[in-house]
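Here the structure comes first, spelled out in structure tokens, and everything after it is commentary.
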Amino acid sequence: MLGAEKLSDAYGGGDAEHWLAPAMNEDSPAPLPWTADEIFNYLRYGFDARHGIAAGPMVDVVQNLAKAREEDVRAIAVYIADRMRRPVRQAKSNDEANAFAQLQESAAVPGMGRDAIPARSGGVASDSGAAVFEGACATCHYSGSGLQSTKPVPLALTTSVNAPDPRNLIHVVQSGLWPASGERGAMMPGFAAELTDDQLVAVVSYVRERFSRQPPWHDVSQNVRAIRGTERR
Amino acid sequence: MNSTPSPGLLLSRREFLTTAGALVVGFSLGAVSDLFAQRPQEGAKLPGSLASTPMLDAWIRIGADGTITVCTGKGELGQGIKTALIQIASEELGVQPAAIKPVTADTRTTPDEGYTAGSNSMKDSGTAIQNAAAQVREILIGRAADKLTVSADKLVARDGFVVTDDGRRAAFGELVGDNLTHVRAQPQSKLKDPRTYALVGKPLARVDIPAKVSGGAAYVQDLRLPGMLHARVIRPPSYGARLRDVKVADAETLPGVIKIVRDGNFLAVVAEHEFQAVVAMRALATNASWEMRNRLPDPSDIYGTLRRLPADAIVDLDLNGQAAAPARRLEASYRRPYQMHGAIGPACAIALMKDGTLTVWTHSQGVYPLRKSIAELLHLPEDRIQCVHAEGAGCYGHNGADDAAADAALIARALPDRPVRVQWMREQEHAWEPYGPAMIADVKAALDADGNVVEWTYDVWSNAHSTRPGGAGNLLPAWHLETPFTQPVPKPIPLPEGGGDRNAIPLYKFPNARVVHHFIPSMPVRVSALRALGAYANIFAIESFIDELAAAASVDPVEFRLRHLDDPRARDVIVMAASRFGWANYPAGKGRGRGFAFARYKNLGAYLALAVDIEIDRESGRVKVLRAVAAVDSGQPVNPDGIRNQIEGGIVQSASWTLYEAVSFDTNAITSTDWGSYPIARFADVPGNVDVHVIERPGAPFLGTGEAAQGPTAAALANAIANATGARLRELPLSRTRVKATIGV
Amino acid sequence: MIELNVNGRPQAVDADPATPLLYVLRDHLALNGAKFGCGLGQCGACTVMIDGKAAFSCVTPISALPGRKITTVEGLGTADNPGPLQQAFIDEQAAQCGYCIAGMIMRAQALLEANPSPTDDDIRRHMMPNLCRCGTHMRIVRAVQRAARTMKNVKNGAGVNVTTK
Chain A
10 MLGAEKLSDA YGGGDAEHWL APAMNEDSPA PLPWTADEIF NYLRYGFDAR
60 HGIAAGPMVD VVQNLAKARE EDVRAIAVYI ADRMRRPVRQ AKSNDEANAF
110 AQLQESAAVP GMGRDAIPAR SGGVASDSGA AVFEGACATC HYSGSGLQST
160 KPVPLALTTS VNAPDPRNLI HVVQSGLWPA SGERGAMMPG FAAELTDDQL
210 VAVVSYVRER FSRQPPWHDV SQNVRAIRGT ERR
Chain B
80 MNSTPSPGLL LSRREFLTTA GALVVGFSLG AVSDLFAQRP QEGAKLPGSL
130 ASTPMLDAWI RIGADGTITV CTGKGELGQG IKTALIQIAS EELGVQPAAI
180 KPVTADTRTT PDEGYTAGSN SMKDSGTAIQ NAAAQVREIL IGRAADKLTV
230 SADKLVARDG FVVTDDGRRA AFGELVGDNL THVRAQPQSK LKDPRTYALV
280 GKPLARVDIP AKVSGGAAYV QDLRLPGMLH ARVIRPPSYG ARLRDVKVAD
330 AETLPGVIKI VRDGNFLAVV AEHEFQAVVA MRALATNASW EMRNRLPDPS
380 DIYGTLRRLP ADAIVDLDLN GQAAAPARRL EASYRRPYQM HGAIGPACAI
430 ALMKDGTLTV WTHSQGVYPL RKSIAELLHL PEDRIQCVHA EGAGCYGHNG
480 ADDAAADAAL IARALPDRPV RVQWMREQEH AWEPYGPAMI ADVKAALDAD
530 GNVVEWTYDV WSNAHSTRPG GAGNLLPAWH LETPFTQPVP KPIPLPEGGG
580 DRNAIPLYKF PNARVVHHFI PSMPVRVSAL RALGAYANIF AIESFIDELA
630 AAASVDPVEF RLRHLDDPRA RDVIVMAASR FGWANYPAGK GRGRGFAFAR
680 YKNLGAYLAL AVDIEIDRES GRVKVLRAVA AVDSGQPVNP DGIRNQIEGG
730 IVQSASWTLY EAVSFDTNAI TSTDWGSYPI ARFADVPGNV DVHVIERPGA
780 PFLGTGEAAQ GPTAAALANA IANATGARLR ELPLSRTRVK ATIGV
Chain C
122 MIELNVNGRP QAVDADPATP LLYVLRDHLA LNGAKFGCGL GQCGACTVMI
172 DGKAAFSCVT PISALPGRKI TTVEGLGTAD NPGPLQQAFI DEQAAQCGYC
222 IAGMIMRAQA LLEANPSPTD DDIRRHMMPN LCRCGTHMRI VRAVQRAART
272 MKNVKNGAGV NVTTK
């Protein structure tokens with residue numbers, strides 16, 4: 010989720026319906042800087058290949074913007090891109106960020122639980138998080154995935170994995186992503202029934218610590234419990 | 080909801096007067112004088128598939144213990160054929176359905192009936208079994224007459240016995256010794272009087288459903304043979320890619336891996352457990368390097384590409400008659416994209432090579448043609464190969480089933496004595512199945528001053544609608560071998576069945592009409608038979624254009640169709656669908672629309688008309704189908720609920736094709752590789768209600784029904800959108816984006 | 122070895138912990154009900170219940186399942202002695218090819234356990250994750266409604282003749 014409603018707070022981000030509205034200024038968590046074209050893609054189509062997919066309350070924003078004229082959406086995108094300036098958290102270069110994303114997604118063949126790569130040290134993620142990831146997520150979130158032409162955005166580049174708090178990632182893992190009916194779009198199952206709270210905590214922590222170079226999250230557990238039951242389709 | 084139409088109720092007096100002569104002919108089909116319409120004429124060829132397999136015991140076998148086995152060369156595809164054939168056989172033999180043991184397509188035990196396709200199973204196999212069962216019954220009665228010293232006309236077959244009216248009886252099993260039924264069929268059969276039917280024409284619960292709802296072994300996917308291994312194929316990333324190099328070391332050492340099979344660009348892995356094969360497949364895919372060679376056409380100009388490809392022009396119709404002078408001319412062009420079968424279960428097969436003999440369990444639609452193809456692929460004589468049909472997920476035409484059988488055969492050859500099960504992954508099914516071809520139809524017509532069509536010109540461009548295996552060259556893995564087979568140049572399917580020109584000839588009476596099929600042999604995207612073949616696009620085009628002409632003539636679309644039709648059975652389905660829908664009293668509302676369409680499938684199968692009621696959300700462009708009402712005439716219905724189920728399903732499936740579906744690709748590869756990149760209808764998208772009215776024609780020949788709804792549904796939706804918005808969409812799918820663009824929101 | 126509880130019975134399974142439940146059900150435990158459809162959690166052919174909720178078995182690793190109750194369509198009844206939902210699907214002839222149906226039944230079972238009186242809209246919304254390609258949707262909705270009625274009758278002691286049309 011990129012901006013949601015929090016436009017008033019100098020683009021500094023905030024909360025929207027228990028989701029995090031990430032900052033749209035130099036505090037943007039995106040590893041790659043947003044260009045105006047990418048912001049346009051995201052606002053117009055709910056998707057940008059280098060950043061991620063609109064989810065949660067942002068879906069409504071995209072749906073509403075779909076009624077706007079294309080040039081108006083483009084003007085908004087140019088304006089926001091200008092406000093975002095150079096994010097301080099971005100990687101040293103786009104090449105370097107892409108290389109890290111690629112490395113983390115090709116590290117092991119999914120299904121080989123015993124070979125799952127560990128999370129980085131200093132975090133809270135457990136082996137069980139790695140095993141869940143290998144069995145539940147890696148089929149798609151893996152560089153050798155059979156879905157070559159419709160591969161998901163590399164996790165390491167997504168805003169939700171690099172955000173200051175885990176709420177958006179928890180929402181997506183719990184509820185999944187479903188395109189509008191009959192429409193093409195990224196599709197991901199939610200894991201609300203498949204995983205217990207502890208398993209959700211484990212896999213969310215693991216994803217953060219494998220795919221982001223931001224500090225580990227320490228509030229995953231509280232957030233999973235707070236978000237549980239708010240599944241959204 | 081079965082009903083025999085009553086013309087007085089359904090036709091206005093004026094319509095009745097204009098068509099009364101034709102009506103008499105039509106309803107005579109159901110009249111007592113013509114009860115035995117299926118009885119062949121003297122000297123005619125044997126009925127149905129008896130023509131190619133004439134021995135009675137090839138179809139009906141009765142054991143000494145009285146067990147009755149009914150063999151069909153057709154396969155159960157989820158269309159309910161097994162149950163319908165049981166109904167037919169038990170009706171003529173005078174036994175309970177439960178007494179019949181059905182055996183479906185198997186090259187060792189059943190007749191060769193080619194493919195289970197084209198909605199021909201009831202016509203081919205149903206007719207053969209009906210006649211064979213009747214003749215077997217009469218042979219048994221004849222033998223019993225000798226045995227019981229009673230005249231045959233005093234005997235009836237009942238519940239596995241031939242019985243006399245004074246209570247004596249002889250069991251079928253006692254009567255059948257010494258190859259009694261190993262005789263050639265006669266052209267004529269003593270068929271039961273349809274008025275006495277106890278089973279045919281009545282709903283019978285499908286015999287395959289209990290296992291399917293309870294986890295029984297219902298599908299080829301569920302077969303577990305002793306010592307069975309699991310295989311996965313690593314497909315190229317695109318058509319024609321060459322496997323430059325693959326490092327097998329990582330995969331070889333994975334747990335459970337038994338063997339890696341490589342033959343040129345064909346790469347597969349075999350493991351003890353299924354998921355071990357999946358993991359090894361991923362490891363191999365990661366370590367394989369491919370050279371991309373083929374380019375796909377620019378998707379944004381696919382219709383231009385198709386028009387520019389060399390094509391053979393086949394003149395299907397050239398009528399030059401007397402007519403009034405043209406007063407007004409219209410023309411339009413319609414387009415249909417590549418569309419997918421989209422089986423819910425990816426292709427699967429099991430093969431076992433033992434003592435030089437190969438057995439393949441497959442959900443192929445044609446076990447005999449498959450056997451021939453695999454024989455060529457493996458350089459084995461056909462008599463060393465047995466292909467056994469086992470159900471798969473619904474196929475709706477030629478999908479990956481045969482290719483998976485060939486995969487299994489190739490792998491089993493490399494690993495004799497162990498059964499090998501291969502199942503495709505979802506992305507493989509999506510990317511490699513042969514799609515329904517993209518098509519273009521250009522239509523021109525002229526109306527006279529009274530609004531009658533006096534000229535009609537129709538040109539349809541299409542690839543082949545069948546690249547089914549009749550040889551190894553149509554099997555996907557055969558293209559990837561070190562010594563590859565090349566795909567033969569396809570041939571068009573001739574009329575009256577037709578391929579790209581299936582249903583290209585309108586059933587309407589036009590005094591001047593020309594229909595040309597531009598058959599394009601070269602296939603930039605892999606294509607083959609998808610349910611209804613070209614009929615889907617042709618009926619979409621014809622029935623859309625009929626509405627455009629009706630609008631130009633300021634005539635109600637239903638009335639306009641009736642004006643141009645004199646086939647009474649066509650008129651009956653149209654009148655019934657319109658009346659049950661409430662066409663005349665349709666309440667116009669904002670964003671609401673009604674649409675109508677009609678066709679007789681292949682111009683020789685079932686008649687179907689339907690009306691739909693839609694609502695358009697102006698902000699999103701989303702089309703919601705509120706209800707659909709169809710009337711169908713399948714001749715003598717065997718299982719009316721089976722007919723309803725097929726038509727309901729056909730409407731829902733065609734609505735999904737029509738509103739949502741197009742295979743996407745770029746110049747490198749197919750990009751529809753999962754359900755997110757090839758969306759189909761889900762529960763929220765299907766019509767609120769679908770009513771199917773079956774018109775009964777007692778004793779009339781069975782008419783193929785399974786594909787009858789596909790074309791009319793597409794046109795009815797386009798016509799409803801035009802009715803709701805005033806704007807005409809001529810390119811499929813009728814997506815949100817296109818609807819929105821048309822209504823200019 | 123990983124301990125699973127499937128249809129009320131403990132099962133020790135020797136498979137990699139990352140193995141999705143679907144493969145273990147089919148390949149190790151010889152249960153046919155859950156089907157491979159996509160392996161991506163997009164179609165629902167593999168649907169089972171985990172702790173009473175409908176779940177995609179194709180994306181649930183067995184490492185996540187010790188101590189949890191797994192129910193497959195085999196746990197609801199047999200061909201000879203079908204449970205109320207299975208019987209309702211037979212009565213409504215709610216199948217064509219039937220490949221999706223075991224998954225449909227399991228997702229519907231989870232709905233009826235949580236909501237014994239769903240509306241048609243409730244059913245359609247709840248069943249969204251499961252795909253049917255034959256177009257049997259309307260019959261499936263009718264079967265779920267029929268099962269809801271018979272389950273209530275049984276619960277209310279109104280008789281156990283669940284096959285009555």
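Heads up: the protein sequence lines correspond to chains A, B and C, in order.
Heads up: the first sequence begins at 10 in this note's numbering, then just goes up one per residue.
Heads up: the second sequence begins at 80 in this note's numbering, then just goes up one per residue.
Heads up: the third sequence begins at 122 in this note's numbering, then just goes up one per residue.
The beta-carbon is built from N, C-alpha and C at its ideal position, and this holds for glycine as well.
Where B:M432 sits in the DSSP three-state scheme
strand
I want to verify the contact list: residues of chain C whose CB lies under 9 Å from the CB of B:P378, in sequence order.
Per Cβ cutoff of 9 Å: no residues; B:P378 is ~23 Å from chain C at best.
Could you name the residues of the segment 136–166 of chain A whose beta carbon sits closer than 7 Å to any beta carbon of chain C, in the order they occur along the chain?
Those would be S137, A140, V141, E143, G144, A145, T148, C149, in chain order.
For the segment 154–223 of chain A, list the beta strand (DSSP E) runs that are entirely contained and at least 3 residues long, ordered along the chain.
none
Just the chain A side, please: which residues come within less than 9 Å of C:Q230 by C-beta, in chain order?
In chain order: nothing, as chain A lies at least about 13 Å away.
Which residues does DSSP list as the beta-bridge partners of B:W440?
B:I429, B:V467
Do three or more CB pairs link the segment 575–583 of chain B to the segment 533–544 of chain B at distances below 8 Å?
Pairwise C-beta distances place the segment 575–583 of chain B in contact with the segment 533–544 of chain B, as three or more of them are shorter than 8 Å.
For the segment 191–219 of chain A, which residues have a CB atom closer than 8 Å to at least one CB atom of chain E, in sequence order?
Here chain E cannot be found, since the structure's protein chains are A, B and C.
Less than 7 Å between C-beta atoms, sequence neighbours within five positions excluded: which residues of the same chain meet that for B:R323?
Around B:R323: S368, W369, E370.
For A:S17, which three-state DSSP category applies?
With a pLDDT of only 39 at A:S17, under the threshold of 50, the placement of this residue in the model should not be trusted, and no figure is reported.
Contact set for B:A472: own chain, Cβ-Cβ below 6 Å, skip 5 residues either direction
A distance below 6 Å between beta-carbons, with the five flanking residues on each side excluded, links B:A472 to the following residues of its chain, in chain order: A422, I423, G424.
Contact list for A:P188 against chain B, beta-carbon separation under 9 Å:
G755, P758
Within the segment 793–821 of chain B, note down every full beta strand (DSSP E) run reaching 3 residues or more, in order along the chain.
none
Mind checking who C:F210 pairs with in its DSSP beta bridge?
None; C:F210 has no bridge partner.
Contacting residues, own chain, Cβ-Cβ under 8 Å from A:G55 (five flanking each side not counted)
Sequence-distant Cβ neighbours of A:G55 in its own chain, meaning closer than 8 Å and more than five residues away, are I62, A63, M67, V68, V71, G194.
Once DSSP output is grouped into helix, strand and coil, what is the label at B:H544?
B:H544: coil per DSSP, three-state reduction.
Find out if the Cβ-Cβ distance for the pair B:A520, B:V532 is shorter than 8 Å.
no
For C:T168, which residues of its own chain have a beta-carbon under 6 Å away from its beta-carbon, when the five flanking residues on both sides are left out?
A175, G224, M227, R228
Tell me which residues share the same chain as B:P812 and place their Cβ nearer than 8 Å to its Cβ, disregarding the 5 neighbours each side in the sequence.
P416, W736, T737, L738, Y739, E740, A741
Find the residues of chain B that neighbour C:I226, judging by a C-beta separation of less than 8 Å, and give them in chain order.
V292
So if DSSP puts B:V149 in a beta bridge, which residue, or which two residues, is it bridged to?
B:I139, B:P181
Every unbroken beta strand (DSSP E) inside the segment 315–398 of chain B [3 residues or more]:
Correct list: 321–325, 336–342, 345–350, 367–370.
Between the segment 170–189 of chain A and chain B, which residues of the former have CB atoms less than 7 Å from a CB of the latter, in chain order?
P188
Say whether the segment 433–451 of chain B touches the segment 757–771 of chain B, bearing in mind that this needs 3 or more beta-carbon pairs closer than 8 Å, one atom from each stretch.
no
How about B:A231 and B:A224: are their beta carbons less than 8 Å apart?
yes
Kindly confirm or deny that the segment 686–693 of chain B and the segment 650–670 of chain B touch, where touching means at least three C-beta pairs closer than 8 Å.
yes
Counting beta carbon pairs with one atom in the segment 773–785 of chain B and one in the segment 188–201 of chain B, are three or more of them shorter than 8 Å?
With three or more CB-CB distances shorter than 8 Å, the segment 188–201 of chain B counts as touching the segment 773–785 of chain B.
Can you list the residues of chain C that B:A297 reaches, using a CB-CB cut of under 8 Å?
N153, G219
Mind checking which residues open and close the beta strand (DSSP E) that includes A:A32?
Counting along the chain, A:A32 falls outside any beta strand (DSSP E), and DSSP gives it neither H nor E.
Extract the residue ranges of the alpha helix (DSSP H) inside the segment 647–703 of chain B, only unbroken runs of 4 or more that lie entirely within it.
647–660
From B:A760 to A:G155, what distance separates their C-alpha atoms?
24 Å
Please state if the CB of B:V501 and the CB of B:A480 are separated by a distance shorter than 8 Å.
no
Nearest neighbour of B:G280, chosen from B:A528, B:Q401, B:Q725, B:D720 [CA to CA]:
B:D720
Run through DSSP, which three-state label would B:F598 get?
strand
Taking DSSP as the reference, what is the three-state secondary structure of C:F177?
strand
Exposure of B:P575, with buried meaning 16 or more beta-carbon neighbours within 10 Å:
exposed
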